[in-house]
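Quick mapping for you: the protein sequence lines, in order, are chains Y and B. The opening position of the first sequence corresponds to residue 1 in our numbering, with each subsequent residue numbered one higher. The opening position of the second sequence corresponds to residue 231 in our numbering, with each subsequent residue numbered one higher. Note that beta-carbon positions come from the ideal geometry of N, C-alpha and C, so glycine has one too. Notes to accompany the following structure.
Number of protein chains: 2
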Amino acid sequence: MPDRTEVRIAGPKSEETRERILKAALTLFHERGFEAATMRDIAEEAGVATGAAYYYFSSKDAIVMDFYRRSCTEMQGKIEVALKNASGLERRLRELIRVKLVHFAPHRGVLRALLRNGADPKHPLSPFSPQTKEIRDVDIAWFQRILVDCGMRIPKDLESHLPGVLWFFQMGVIFFWVLDESPDQARSDRLLSLAAKSVTSLLRVSTLPLMRPVRRAALELVEIVKGADL
Amino acid sequence: MPDRTEVRIAGPKSEETRERILKAALTLFHERGFEAATMRDIAEEAGVATGAAYYYFSSKDAIVMDFYRRSCTEMQGKIEVALKNASGLERRLRELIRVKLVHFAPHRGVLRALLRNGADPKHPLSPFSPQTKEIRDVDIAWFQRILVDCGMRIPKDLESHLPGVLWFFQMGVIFFWVLDESPDQARSDRLLSLAAKSVTSLLRVSTLPLMRPVRRAALELVEIVKGADL
DNA sequence: GCCACAATCTGAACATGTTCAACTTTGATC
DNA sequence: GATCAAAGTTGAACATGTTCAGATTGTGGC
C-alpha cells in the first residue's frame, strides 16, 4: 500500500493556504460526509485550483491524517484535565476514552474514513500503520500512566504488554462508537462503562495464582498478534 | 450505503456469459490483485464490453459477493467431512475454521476486498451486513451444531448467544489470517490453535458458580453489541 | 531594478468505477 | 417466416481521485 499521507512542510507564506484548504475540507466533510466532499469541492471552497490541494496534501487521505494528528495534539491537554478530575482505574479508563469520543464527536464522519480500512496495518491510514505509530505511542503512554498511578498490583508478565492491550480495547470501543447509530450514541456509553468495569475487574482477578494459565494463554495470544504487524 | 451487490438472475443462455465474466474476474484478481484488476480488464478477458460486466454484476463488489456466496455453498460439503473426521470441541472448532482458511487460501486477495470495510454493517460487502445475513446464519448454525454435539455442559444464559459469539471469534481469526504475511500464514495457524484451546477452556470454566458475575458482564456486552447492528 | 531559482499554483489530462442511450440478438406468437 | 418485446451487448460519457507540464509568484544576490 503506497504511502500518500505525507504532508508538505511549510515554506514561508504557504501556511495560510494550507490552513484554508484543511479548514475547507473539514467543513465539507462535516456538511456532506467524507465521500461526498470531492477534492474539487474542497479546492474551490478554499479558493484554489484542484492541484493546489495536492501540493499541500498528497492525497485525500492525507487530509484525514493531518486532522488525526492535530486532534491528538489538541487532546493532550483535555486528557490531562480529565485525569486530574478522576481517580481510580475504572473511572480514569472511562474518562480517558471519553475525552476522545467527545473530542471526535463533531467529526464522526471523518473518523469513519480513518477507520474504514479496518485494522489493515498496510494501509497508511489505520491506527495500526507505521505512519500512525507516533500517535499510537503517545496514546499508549497514557494507558501506561494510569496503570502505574493506580497502584494496583499488576502481574509482572503482563506489565509490558498491558498498555498496548488496553489501547487495543479502546480502539474497539471507538470503532463501535463510530458505527453506533443509537440516539446520541447512548449505546456506546453503556459499552464504555461496561468495558472499563470489566477490564478493571479482570485485572484485579488476574493476580490470583489460579489465573496463571489464563494469563499464559492471553500472553501468547498477544505475542502472536503483536509479532505479526504492529 | 447503497446496495450494489445484487446479481441478475439468469435468463436462458446468459448463464454462460456470466460465468465467463466471473471466471475472468477471479483469474485477474488472483493474478494482479483486486485493485489492479480493472473492470475493463475483466470485461476484455471475458471477451465482452465493459457494460456487459455491469449487466451481470451491478458493481465490482458484487463480483466479490458472488464469489463469497459460492464459496460458502462449496464449503458445506468440506465442512461436513472435516467434522466427521474430528472429535472433541477444541479439535472440531479448529477444523471448522481451518476448512475456511484452506478453501480461501488461493483467494486471500479477494477476501481482503471483502473485509476491507472492516465490520461496518452498513457496507453491503461486510460479513456483518444484512446482505450477507443468509451466509452468516448458515455458518453460525455449524457452531451451534458442534456445541450441541460435544455434549459439554453450557450455562443456560450463554446458550443462545454462544454460536454467534464463536462465529465472531472466527471472523477475528480470518481477519488476522487475511493480513498475515508470515510464511505460509504459519502465525495464523498458531493463533487458530491457541484460540480453539482458549475458547474450549473458557467454556469449561464458565460453568463454575464463581464465574457467574463474569458471565453476566460478558452477556451484557454481547447484548449491547448485538442490539446495535447485527 | 533585474535575474535566477525555488516555492506556489493552475487546469487539462489520466485511470477507473459506473451509467446509459442505443443497438443487436433471441425466442415466443401468429 | 414475420413481428415484436424482452434479453443481451456495446462503447461513449460521467464523476472523482490523482498527476503533471507548465505558468505565476516570491526571494535572495548583484
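* Kindly give me the distance between the Cβ atoms of B:T430 and B:L323, rounded to whole angstroms, as I take these residues to be in contact under 8 Å. => 7 Å
Report yes or no: do the region 89-103 of chain Y and the region 40-59 of chain Y share at least 3 C-beta pairs separated by less than 8 Å? no
**Study point:** Coil, strand or helix - B:F373 by DSSP
**Key:** helix
Give a yes or no on whether the minimum CB-CB distance between Y:G109 and chain B is below 8 Å. no
Backbone CA spacing between Y:P142 and B:G457 [nearest angstrom]
Correcting the residue type first, residue 142 of chain Y is Trp in the shown sequence and not Pro. Y:W142 and B:G457: Cα-Cα distance of roughly 31 Å.
- [ ] May I ask you to verify whether the region 300-317 of chain B touches the region 330-343 of chain B, counting CB pairs closer than 8 Å and requiring at least 3?
- [x] yes
Return no unless some Cβ of chain B is closer than 8 Å to the Cβ of Y:E45. no
Practice problem: Measure the C-alpha to C-alpha separation of B:V368 and B:G394 and round it to an integer number of angstroms. | Solution: 11 Å
*Buried or exposed for Y:L210, please, with buried defined as at least 16 other CB atoms from any protein chain shown within 10 angstroms of its CB.*
exposed
Self-check item: Inter-stretch contact (C-beta, 8 Å, three-pair minimum) for the region 246-259 of chain B and the region 293-308 of chain B
Solution: yes
*asked:* Between B:A273 and B:A279, how many whole angstroms is the CB-CB distance? I'm expecting something under 8 Å.
replied: 6 Å
So what does DSSP say about Y:E16, is it helix, strand or coil? helix
Worksheet item: alpha helix (DSSP H) containing Y:M39: first to last residue?
Response: 39-46
Notebook entry, point to check: With DSSP run on the structure shown, which of helix, strand or coil describes B:C302?
Noted result: helix
Handout entry: DSSP-derived helix/strand/coil call for B:F195
Key = The question about residue 195 of chain B has no answer here: the residues shown for chain B are numbered 231 through 460.
Does the separation of the CB atoms of Y:A217 and B:S428 fall below 8 Å?
yes
Discussion item. For B:F406, would you say it is in contact with chain Y, using Cβ-to-Cβ distances shorter than 8 Å as the test?
Written reply: yes
- Query: In chain B, what lies closer than 9 Å to Y:N85 by C-beta?
  - Reply: What Y:N85 touches in chain B: nothing, since even the nearest Cβ is about 26 Å away.
**OP:** Locate the alpha helix (DSSP H) running through Y:S182, then write down its first and last residues.
**Re:** Run containing Y:S182: none; DSSP gives neither H nor E here.
6 Å Cβ shell around B:R342 - same chain, five flanking residues per side excluded: V408
Checklist entry - Just how far apart, CA to CA, sit B:E304 and B:A349? => result 24 Å
For chain Y, check one thing: does any of its Cβ atoms lie closer than 8 Å to the Cβ of B:R321? no
**Report entry** Limits of the unbroken alpha helix (DSSP H) element including B:K386
**Finding:** 386-389
Grab me the residues of Y:V205's own chain with a C-beta within less than 7 Å of its C-beta, minus the 5 sequence neighbours each way, in chain order. M211
Open item on the list: Checking 8 Å against the spacing of the C-beta atoms, do Y:G109 and Y:F176 come in under that value?
Closed with: no
- Does the beta-carbon of Y:R136 have 16 or more other beta-carbons within 10 angstroms, so that it is buried, or is it exposed? buried
Task: Status (buried if at least 16 other CB within 10 Å, exposed otherwise) for Y:D61 - done: buried
Chain B beta carbons: is any one of them nearer than 8 Å to that of Y:A36? no
### Message
Restricting to Cα atoms, I'd like to know which of B:E261, B:L424, B:I370 is closest to B:P336.
### Response
B:E261
Exercise. Taking 8 Å as the CB-CB limit, is B:D291 close to chain Y?
Worked result: no
Got a sec? Which residues, its chain only, sit under 7 Å from Y:V222 by beta carbon, not counting five neighbours each side? H161, V165
Exercise. Do Y:T17 and Y:E45 have their C-beta atoms within less than 8 Å of each other?
Worked result: no
(Q) Let's test the definition: count the other Cβ atoms within 10 Å of the Cβ of Y:N117 and tell me whether it reaches 16, buried, or not, exposed. (A) buried
For Y:L111, does the three-state DSSP call read helix, strand or coil? helix
Practice task
Measure the C-alpha to C-alpha separation of B:E411 and B:I404 and round it to an integer number of angstroms.
Solution key: 13 Å
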